[in-house]
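*Asks:* The structure follows.
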Amino acid sequence: RKEVEQDPGPFNVPEGATVAFNCTYSNSASQSFFWYRQDCRKEPKLLMSVYSSGNEDGRFTAQLNRASQYISLLIRDSKLSDSATYLCVVNAHKLSFGAGTTVTVRA
Amino acid sequence: DAGVTQSPTHLIKTRGQQVTLRCSPKSGHDTVSWYQQALGQGPQFIFQYYEEEERQRGNFPDRFSGHQFPNYSSELNVNALLLGDSALYLCASSLKRSSGDYEQYFGPGTRLTVT
């Protein structure tokens, strides 16, 4: 079983829509969690850390469910510029990346 | 404030050759991690350097080695290149904290092609 698994998508959504996707992780001792965004042929960029209580940053909301070992990302009011691959990252003494979920926002 | 820089940006090598990639961390960061990202995959952890020593290592063969210098910059060396080593090599820097909860910032990567 992979350490971090994500639905690869793609999620094709119209501008203004809400899109949400999950990521599951296998190591119950994982300590911290992140979402990174990666544009085509560019480096990953930190989008947000994920806290136990869940957290929000503008149109982005991240949730952590330790019991079921998954984290989620929700994007509200999608913009064309949100089109990217979203990488789920889990820290269990080293960072493990998922393969990414591709989101395409269309006009 | 300079971010993470890597050189070169692109590199083409032949099977069996050796390659050295370089990374300078973000100002104020003391830890450097290296990742390999194949097309369509997430980054795979190679190893991490802190205080000039390799602290953690992923599932990569000994052909992959590294070094960290006193100024925190780092090199990744790959010997006896294979076609499968073709990938984007990413360097990420962070600040080591006692809690272990740290955020990493990535450089633009070096795209290595092995022919």
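Quick note, the sequences are listed as chains A and B, same order. FYI, our numbering numbers position 19 of the first sequence as 10, with every residue one higher than the one before it. FYI, our numbering numbers position 3 of the second sequence as -7, with every residue one higher than the one before it. Heads up, the beta-carbon is just placed ideally off N, CA and C, and yes, glycines get one too.
Whole beta strand (DSSP E) runs in the segment 6 to 48 of chain A with 3 or more residues, listed along the chain?
*Replies:* You should have 10 to 16, 23 to 29, 36 to 41, 46 to 48.
*Asks:* Give the residues of chain A in contact with Q94/B, contact being defined as C-beta atoms less than 8 angstroms apart.
*Replies:* Within chain A, the residues L37, L86 have their CB atoms less than 8 angstroms from the CB of Q94/B, given in chain order.
*Asks:* Whose Cβ in chain B lies nearer than 7 angstroms to the Cβ of E34/A?
*Replies:* Going along chain B in sequence order, the residues near E34/A (Cβ under 7 angstroms) are L80, F96, G97, P98, G99.
*Asks:* Tell me the start and end of each unbroken beta strand (DSSP E) in the segment 46 to 73 of chain A that is at least 3 residues and wholly inside, in chain order.
*Replies:* Counting only runs of 3 or more, we get 46 to 48, 51 to 56, 61 to 66.
*Asks:* Run through DSSP, which three-state label would G56/B get?
*Replies:* strand
*Asks:* Just by C-beta distance, which residues in the segment 56 to 72 of chain A are closer than 7 angstroms to chain B?
*Replies:* If the cut-off is 7 angstroms between Cβ atoms, the segment 56 to 72 of chain A has nothing near chain B.
*Asks:* Which residues of chain A have a Cβ atom closer than 7 angstroms to the Cβ of G32/B, listed in chain order?
*Replies:* L78, F88, G89, A90, G91
*Asks:* Starting from the beta carbon of S44/A, find every residue of chain B whose beta carbon is closer than 9 angstroms, and list them in chain order.
*Replies:* Chain B residues near S44/A: none, gap ~15 angstroms exceeds 9 angstroms.
*Asks:* Let me make sure I understand the geometry here. Which of Y95/B, L66/B, A70/B, S76/B has the alpha-carbon closest to that of S(-3)/B?
*Replies:* L66/B
*Asks:* How many whole angstroms separate the CB atoms of L80/B and E34/A, which I take to be in contact at a CB cut-off of 8 angstroms?
*Replies:* 6 angstroms
*Asks:* Mapping DSSP to helix, strand and coil, what is L1/B?
*Replies:* strand
*Asks:* Is DSSP giving L73/B helix, strand or coil here?
*Replies:* helix
*Asks:* Anything in the segment -2 to 9 of chain A with a Cβ closer than 9 angstroms to a Cβ of chain B? List those residues in chain order, please.
*Replies:* P(-1)
*Asks:* Reducing DSSP to helix, strand and coil, say where L102/B ends up.
*Replies:* In the structure shown, L102/B sits in a strand (DSSP, three-state: E or B).
*Asks:* With a threshold of 6 angstroms on Cβ separation, who are the neighbours of S40/A within its own chain once the five nearest residues in sequence on each side are excluded?
*Replies:* F25
*Asks:* Taking C-alpha atoms, which residue in G49/A, Q54/A, F88/A lies nearest to E(-4)/A?
*Replies:* F88/A
*Asks:* What residue from Y95/B, Q34/B, L85/B has the CA that sits closest to F54/B's CA?
*Replies:* Q34/B
*Asks:* Please confirm whether L78/B and Q7/B have their CB atoms less than 8 angstroms apart.
*Replies:* no
*Asks:* On the three-state DSSP scale, how would you describe A(-8)/B?
*Replies:* coil
*Asks:* Just checking, does the segment 36 to 48 of chain B make contact with the segment 45 to 58 of chain A on the three C-beta pairs under 8 angstroms criterion?
*Replies:* no
*Asks:* What in chain A is Cβ-close to F35/B, meaning under 9 angstroms?
*Replies:* K85, L86, S87, F88
*Asks:* Tell me whether R(-8)/A sits in a helix, a strand or coil according to DSSP, three-state version.
*Replies:* Here R(-8)/A sits in coil by DSSP.
*Asks:* DSSP three-state call for F2/A: helix, strand or coil?
*Replies:* strand
*Asks:* Would you call the CB atoms of A90/A and D30/A closer than 8 angstroms?
*Replies:* Between A90/A and D30/A, the C-beta gap is not smaller than 8 angstroms, which leaves the two residues out of contact.
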